[in-house]
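A.B. asks: Here's a structure for you.
In my numbering, the protein residues as written are 12 to 229.
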């Protein structure tokens, strides 16, 4: 069963979605939220499988809040729900730690399918060629295979760290707050099993992750 936290600040839309999800056997709306602040509290309290996050909320940038949401509920996955999308937004979602981006204009069945795939550990992005470079990878089957489930954004940050780029400079290049970049780095640390930022690049080299990212770039 997918435990869903539904984040939408328009009550009529939220009500309609909740009613629609009532008809989906394997998705349960365990909580609803209307703001970033409510989302963080609800995520910590209910530990949802997936957070369906409306991009535009009254009290802040929903994408910028992804790191805070994942700090509150580390095992949750965040799927951003938006009326419009472009590659820049998709890149922000991936770098922030989000697992997908889906358009509101799509069929409800597509939304349900995206939620299921995200819950299964896959990245799901709106079906547009402009967004394809930001697609997150499928999960590795076990440690030592694949890319330790590093997202494209995490790999980009890892490459910059390996090049000696400071956190603040990474933030400037990616147009992200330094605190959000540090959250991404902490996520990489957790996946690699290291306890310090200094250990990230050596561990990545031991596991061949930097070689794989360099081959992708080449």
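Note that CB positions come from ideal geometry on N, CA and C, so glycine has one too.
Excluding the five sequence neighbours on either side, which residues of its own chain have a C-beta within less than 8 Å of the C-beta of residue 29, listed in chain order?
C.D. replies: 17, 40, 43
A.B. asks: With DSSP as the reference, label residue 67 as helix, strand or coil.
C.D. replies: strand
A.B. asks: What does DSSP give as the partner residues of residue 129 in its beta bridges?
C.D. replies: BP columns for residue 129 are empty, so no partner.
A.B. asks: For residue 72, list the residues DSSP reports as bridge partners.
C.D. replies: 67
A.B. asks: Counting along the chain, where does the beta strand (DSSP E) carrying residue 39 start and finish?
C.D. replies: 38-44
A.B. asks: Taking DSSP as the reference, what is the three-state secondary structure of residue 93?
C.D. replies: strand
A.B. asks: In the DSSP assignment, the beta strand (DSSP E) including residue 16 goes from what residue to what residue?
C.D. replies: Boundaries of the beta strand (DSSP E) harbouring residue 16: 13-18, taken from the DSSP string.
A.B. asks: Does DSSP put residue 106 in a helix, a strand or coil?
C.D. replies: helix
A.B. asks: Answer with buried or exposed for residue 108, where buried requires no fewer than 16 other C-beta atoms within 10 angstroms of its C-beta.
C.D. replies: buried
A.B. asks: Could you spell out where the alpha helix (DSSP H) holding residue 28 opens and where it closes?
C.D. replies: 22-33
A.B. asks: Three-state secondary structure (DSSP) at residue 186?
C.D. replies: coil
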